[in-house]
Amino acid sequence: MVLLVVDTQKALVNDELYNYNEFIDNIQLLIKKARENNVEVIYVVHDDGNGSGLTKGTDGFEVFEKFKPLSNEKLFVKSVNSAFKDTGLVEYLAENNEKDIIIVGLQTDKCINATVISGFEYGFNLIVPAFANSTINNNYMDSQKSYRYYNEFMWHERYAECISIEETIKRMDS
35 MVLLVVDTQK ALVNDELYNY NEFIDNIQLL IKKARENNVE VIYVVHDDGN
85 GSGLTKGTDG FEVFEKFKPL SNEKLFVKSV NSAFKDTGLV EYLAENNEKD
135 IIIVGLQTDK CINATVISGF EYGFNLIVPA FANSTINNNY MDSQKSYRYY
185 NEFMWHERYA ECISIEETIK RMDS
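Going by this note's numbering, the sequence shown opens with residue 35, and the numbers climb by one from there.
See the structure below:
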């Protein structure tokens, strides 16, 4: 089992996110519990290229302070929504015989959605803990509706197990 922390970068983490405080607390808790239980924490960050808020080498590209990776933790860089496409992550997980992935991070309706669907297509067993992904309002729905649509309707029992933080931590312990 691994904990995959997706796009929790300074340019994206702000109080416009749905359920911001619980999102921050839950990811911090999951990272802490993963480390305590020897569950590998893997980070994926997004590079949009020069001139964006997510340009490699800029402050906005860096992982949010409260989620910083340890020096021995893997970090993969992506340039599309899926954490699996052309990042080396699939190969790394295969080399380490990892099939179970807990997915957390940003944004629910963009990179988390693409990563969940892509991970399912690669045959991984996916867990999406409650309130450990988030998004902002968009032109079509507010952030709460977007969160609920993906977590409670689209992914649940189709692509992933959408379960509580407590149940996720229990799975890490076993």
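For each residue, glycine too, the CB sits at the ideal point set by N, CA and C.
Note that the structure is predicted; figures quoted are calculated from it, not measured.
Only buried fits Tyr193, as 16 or more other CB atoms lie within 10 angstroms of its CB. Cβ contact annotation for Lys100 (same chain, cutoff 7 angstroms, sequence separation greater than five): Ile58 and Gln62, in chain order.
DSSP places Ala128 within a helical segment (H, G or I) once states are collapsed to three. Note on geometry: alpha-carbon atoms of Met188 and Glu70 lie some 31 angstroms from one another. Between Glu107 and Gln178, the alpha-carbon positions lie close to 32 angstroms from each other. A straight-line Cα-Cα distance of about 20 angstroms links Ile65 and Tyr126. Cβ-Cβ distances below 6 angstroms link Ala45 to Gly87, Leu88 and Gly94 in the same chain, with the five nearest sequence neighbours on each side left out; the list follows chain order. In the DSSP assignment, Asn48 forms no beta bridge with any residue.
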